[in-house]
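Residue numbers (the numbering used here), protein chains in the order written: chain A, 8 to 122; chain B, 29 to 139.
Here's the structure we're looking at; comments come further down.
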Amino acid sequence: DSGVTQTPKHLITATGQRVTLRCSPRSGDLSVYWYQQSLDQGLQFLIQYYNGEERAKGNILERFSAQQFPDLHSELNLSSLELGDSALYFCASSAGTGLGDEKLFFGSGTQLSVL
Amino acid sequence: GENVEQHPSTLSVQEGDSAVIKCTYSDSASNYFPWYKQELGKRPQLIIDIRSNVGEKKDQRIAVTLNKTAKHFSLHITETQPEDSAVYFCAGKAAGNKLTFGGGTRVLVKP
Numbered sequence: 008d009s010g011v012t013q014t015p016k017h018l019i020t021a022t023g024q025r026v027t028l029r030c031s032p033r034s035g036d037l038s039v040y041w042y043q044q045s046l047d048q049g050l051q052f053l054i055q056y057y058n059g060e061e062r063a064k065g066n067i068l069e070r071f072s073a074q075q076f077p078d079l080h081s082e083l084n085l086s087s088l089e090l091g092d093s094a095l096y097f098c099a100s101s102a103g104t105g106l107g108d109e110k111l112f113f114g115s116g117t118q119l120s121v122l
Numbered sequence: 029g030e031n032v033e034q035h036p037s038t039l040s041v042q043e044g045d046s047a048v049i050k051c052t053y054s055d056s057a058s059n060y061f062p063w064y065k066q067e068l069g070k071r072p073q074l075i076i077d078i079r080s081n082v083g084e085k086k087d088q089r090i091a092v093t094l095n096k097t098a099k100h101f102s103l104h105i106t107e108t109q110p111e112d113s114a115v116y117f118c119a120g121k122a123a124g125n126k127l128t129f130g131g132g133t134r135v136l137v138k139p
């Protein structure tokens, strides 16, 4: 167990809908990262937060948004869902200053299926 | 931005043999290169990392080498065992804090 909690584990929804994925980082970690892993694909970086502030942004679609709350948990919102958004969404957290050169602890992921 | 390419995409080795995975990166400012292992149905986990001020690092049967001039780094697994079967991802961190992952290498160790 990495100490990073992601909910829900599975999510099945329809095209056009909106969903929210939740992540609680390890105790004491200030950085949260979101990654998307499609079938047989690598890990695509979406966005990073450090202590409530956005630190880095990847190829995140405009239909997607995220935030990190004062209690350090983070939520990834996906709207106007399309079939191609079906993927495994990982959250990871790290200690330190959030500069990207720290060990990432991954959650178990949320498997999103858009039908 | 940083672009990380990983080869091969699949690798099949006989138990006891060595496995080598190579990654190249584009941004000469990259200074941190971790390797993650993802077993089937599991989360990625860091197995080893190297920083740009070091040329080689070892941890038991795993080693990573870095060639900054050529902008490539490699993962070496010696005496492979069935439990080494997994997908391995390299990554590079350049300016802007983004950690960019390679496409992954599926390693199969045949008994």
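Ideal placement from N, C-alpha and C gives every residue a C-beta, glycine not left out.
In chain B, no part has a C-beta under 8 Å from the C-beta of A/S72; the shortest such distance is about 18 Å. By the C-beta density criterion, B/E84 is exposed, having fewer than 16 other C-beta atoms within 10 angstroms. Rounded to whole angstroms, the separation of the alpha carbons of A/R33 and B/E33 is 30 Å.
If you draw a straight line from the Cα of B/Y116 to the Cα of A/L79, it is about 29 Å long. Only residues of its own chain outside the window of five on either side were considered, and among them R25 and R70 have a CB closer than 6 Å to the CB of A/S86, listed in chain order. For A/R62, the number of other beta carbons within 10 angstroms of its own is at least 16, and it is reported as buried. Taking a C-beta distance under 8 Å as the contact criterion, A/A94 and A/S81 do not qualify as a contact pair.
Interface residue (Cβ-Cβ distance to chain A less than 8 Å): B/P72 is classified as such. A distance of 8 Å or more separates the beta carbons of A/G116 and B/K126.
Within the same chain, Cβ atoms closer than 6 Å to the Cβ of B/K65 are found at Q73, I75, A114 and Y116, the five residues on either side in sequence being excluded.
Interface annotation, A/R62: in contact with chain B, CB-CB separation under 8 Å.
No Cβ-Cβ contact shorter than 8 Å links A/L18 with A/L83. The DSSP-derived three-state label of B/D77 is strand.
Look at B/N125 here: in three-state DSSP terms it is helix. Note on geometry: alpha-carbon atoms of B/N59 and B/F101 lie some 12 Å from one another.
A/G114 sits close to A/T12, with the two beta carbons spaced by under 8 Å. Contact with chain A is absent for B/F101, since none of that chain's Cβ atoms lies less than 8 Å from the residue's Cβ. B/T106 sits close to B/S46, with the two beta carbons spaced by under 8 Å. By the rule that beta-carbons nearer than 8 Å mark a contact, A/G103 does not touch chain B. About 6 Å separates the beta carbon of A/G35 from that of A/A102, a gap short enough to meet the 8 Å contact definition. Only those residues of the region 124 to 135 of chain B whose C-beta falls short of 8 Å from the nearest C-beta of chain A are listed: G124, N125, K126, L127, T128, F129, G130, G131 and G132. What A/K110 touches in chain B, judged by beta-carbon distance under 9 Å, is P62, L74 and D77, going in chain order.
When the five nearest sequence neighbours on each side are left out, the beta carbons in the same chain lying within less than 6 Å of the beta carbon of A/N58 are those of L37, in order along the chain.
The criterion of a C-beta distance shorter than 8 Å is satisfied by B/T133 and B/S37.
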